[in-house]
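Sequence lines, in order, name chains A and B.
For the first sequence, the numbering used here assigns the number 1 to the initial residue and increments by one for each residue that follows.
For the second sequence, the numbering used here assigns the number 1 to the initial residue and increments by one for each residue that follows.
To start, the structure under review is shown below, and the notes come after it.
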Amino acid sequence: MSHRPDGNLLEKAKRGALAAYVLLLAIFLAAPIVAITLGSLTASNYVSFPPQGLTLKWYAAIFSQPVYLRALLLSLVIACLSATAAIVIGVLVALALHRYPTRLNVLLQGFVLTPVMLPSIFIGLAFLISYTRMGFGGSAFGLFAAHVVVATPFAVSLILLGVRGVNPVLEMAARSLGASPWRARRLITLPLIAWSMAAGWSFAFMMSFGSLEISLFLNTPKTVTLPVAIYTALEWSPLDPMLTAISSGLVIVTLIVLLLLVRTVKIDQLMKRGGQ
Amino acid sequence: MRLDTISLKGWLALALVPLAIFAVFYVVPVFQLFWLSLSRFDPSVGIIPAVDPGYFIEFLTDGYYLGILGRTVFVSLAATLATAILAYPLAIYLLTSKGWRQTSLLVALVLPLVTSSIVVSYGWLILLGQKGLVNNLAMGLGITSEPLQLMYTDTGIVIGLTHVLLVFMSLSIAASMQGIDANLAKAARSLGATPWTTFRKITFPLTLPGLRTGCLLVFSLSMSAYATPVLIGGSRRKVLSYLIYQQSSSLLNWPFAAAMAVVLLVSTLGIVGLVRLYERVRKNAARHGAVAVEAGR
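See below:
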């Protein structure tokens, strides 16, 4: 059928229509983020898109506002620490889930993987209530603990992909040559799942860095993360161009991590695994 | 084949620390929230410990609160429908394209998800306003003569939710499409079916499991979304999560906030559970039906 010239033409037209549709939706998906980034370049004293004139003065203005710099620093530190904790826990959990087919894994899944299924407002409120009673409600430690809980499920799912791809015979060979279980894991398994740990770290980082709801509940004047700072400022002055500059700073950090993530993950592999 | 012998000790060595951390920082807080939802609150006294379903009754009998619950369910259903319709061609493209095209579409889909929800919603604030780009374009193209009211409307909220959650629907559908044997569609075509009939009768029914997963994901995430409905809908079009935050942070009534959070959780997971239950019942019925037919022969 497709050998007939008109059939070929029809196929091509269909492909073209599909590509056009995908392009339109890609524009839709990118629109608000592009609007923030380009809007921050406006020379006018209020946000406008498309921008009127081009300037970087709003980015310079951030540096005269220590509030936002401190919020950015806190967000970065919390995201780095909680992503690191998330992959350490993630490796332990993924190995336990995959290597030991025991009923107890239901408990482990229930404890570690469910935070992502509950509404973040629900979890945020639970953290506020409980952490306040435990005595670290408004502290940076409380914020860190909350972000670890929320980011870990993502790290576990990605590291599980890595662990599933490792042939257990390799570790067994190391064991038979006299290596202890931990030594075999460190020298054999860890290097083989390193890519999934990198992917898990980046995803956990992005989830923590962008998280609004959880941080909103736990925020005090001393523990304001960048998303919370933007949220609070939006209530008072949504059209301040400096806010768009700060927001696009957030976008840039996320984009860098996302591009690193895309480079580490083999997308075909991910799609194949997801389909199974 | 398993490497380690099934020993409790080996499992515990790996799982104990994660279990302890999550018990203290996650499981205990969740239980405390449930427990607190049965307490009472008095502005002058604070939290009064009790076992009293009063706040649940107050929520479920008050038209104001039920109206907000209704809106939350409505926008979530609308967003689910919108993503389901938009996602099919995207899923096909994801599976049939290669290289940078595939990667770019994937990045475009994931971008709204990994960018902070506050930034994405702020972007919509700029685009959807009376003098925003969307209205300028619509009026410039002559689609409308009056600026459309998109901010502070349910339509605006649905646009925002669809935007963030499209990735879940597309990937779920793509995952189930991938498992389909391409020969099935070819066979249908060779027997004279048009491409549309082939899609309707062969491909679409086979993607139903993915569609269902996608719908459940998008629905439950829409129900619990915060930044998108709050920034686009504002205080004029409140949703349940807004009410919960307001009650706990401005009014400091934690027990009532906790009760509403439980309602949110139950209505989200409840609907998801009902769908799962329905599937199981239908599957069982189908099996019994098949057995009955066998026995009748």
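Cβ coordinates follow ideal geometry from the N, Cα and C atoms, glycine included.
Whether or not the segment 119-133 of chain A and the segment 207-219 of chain A are in contact is what I'm after, with contact meaning three or more pairs of Cβ atoms, one per stretch, closer than 8 Å; do they touch?
yes
Let me see if you follow: with CB-CB separation under 7 Å, is residue 115(B) close to chain A or not?
Residue 115(B) belongs to the set of residues whose beta carbon lies under 7 Å from a beta carbon in chain A.
Which class does residue 178(A) belong to by DSSP, given the choice of helix, strand or coil?
Correct three-state label for residue 178(A): coil.
In chain order, which alpha helix (DSSP H) runs of at least 4 residues are fully inside the segment 32-72 of chain A?
57-62
Which of helix, strand or coil DSSP assigns to residue 103(A):
coil
Within the continuous alpha helix (DSSP H) that includes residue 101(B), where are the two ends?
99-114
Pull the bridge partners of residue 47(B) from the DSSP assignment, please.
41(B)
Report the residue ranges of all beta strand (DSSP E) runs contained in full by the segment 74-100 of chain B; include only those spanning at least 3 residues, in chain order.
none
Answer yes or no: does any C-beta atom of chain A fall closer than 7 Å to that of residue 3(B)?
Because residue 3(B) sits at a pLDDT of 47, beneath the cut-off of 50, its placement in the model cannot be relied upon, and the following sentence gives the value as read from the coordinates. Interface residue, yes.
For a test of the three-state rule: what should DSSP assign to residue 1(A), helix, strand or coil?
Confidence at residue 1(A) is low in this model, with a pLDDT of 44, below 50, so the placement of that residue should be treated as unreliable; the coordinate-derived value is given next. The answer is coil: DSSP assigns residue 1(A) none of H, G, I, E or B.
Span separating the alpha-carbon of residue 100(A) from that of residue 7(B)
8 Å
DSSP state of residue 138(A), grouped into three classes?
If DSSP states are grouped into helix, strand and coil, residue 138(A) belongs with coil.
Below-7 Å beta-carbon distance, residue 127(A) vs any chain B residue
yes
What did DSSP end up calling residue 135(B) once you bin it into helix, strand or coil?
helix
I think residue 79(B) touches residue 158(B), with their Cβ atoms under 8 Å apart; what is that distance to the nearest whole Å?
5 Å
For residue 170(B), the nearest candidate out of 231(B), 26(B), 209(B) and 248(B) (CA to CA)
209(B)
In terms of residues, what are the limits of the alpha helix (DSSP H) holding residue 210(B)?
208-224
Closer than 7 Å by C-beta to residue 243(B): which residues in its own chain qualify, once you throw out the five before and the five after it? Chain order, please.
Leaving aside the five residues that flank residue 243(B) on each side, the residues in its chain whose CB is nearer than 7 Å to its CB run, in chain order, 68 and 260.
For residue 284(B), does the three-state DSSP call read helix, strand or coil?
helix
Same chain only: Cβ atoms within 7 Å of residue 151(A), ignoring 5 sequence neighbours per side:
For residue 151(A), same chain residues with a beta-carbon under 7 Å away, outside a window of 5 residues either side, are 82, 83, 86, 204, 207 and 208 in chain order.
CB contact check: residue 140(A) to chain B, cutoff 7 Å
no
What does the alpha-carbon distance come out to for the pair residue 3(B) and residue 46(B)?
For residue 3(B), the predicted model reports a pLDDT of 47, less than 50, meaning its position is unreliable; a value from the coordinates is still stated below. Answer to the nearest angstrom: the Cα atoms are 56 Å apart.
If you count every other CB in all the chains shown that lies within 10 Å of the CB of residue 89(A), and 16 or more means buried, which is it?
buried
Could you confirm whether any beta carbon from chain B is found closer than 7 Å to the beta carbon of residue 21(A)?
yes
Whole angstroms is fine: what's the gap from residue 74(B)'s alpha carbon to residue 125(B)'s?
22 Å
Considering residue 197(B), what are the terminal residues of the alpha helix (DSSP H) in which it resides?
Where residue 197(B) is concerned, the enclosing alpha helix (DSSP H) stretches over 195-198.
Which same chain residues end up closer than 6 Å to residue 303(B) when comparing Cβ atoms and leaving out the 5 residues on each side of it in sequence?
This structure cannot speak to residue 303(B), because chain B is shown only from 1 to 297.
Any idea what DSSP makes of residue 216(A), helix, strand or coil?
helix
Taking Cβ positions only, does residue 45(B) come closer than 7 Å to chain A?
no
Rounded to a whole number of angstroms, what is the C-alpha to C-alpha distance between residue 36(A) and residue 91(B)?
28 Å
Straight-line Cα distance separating residue 238(A) from residue 184(A)
55 Å
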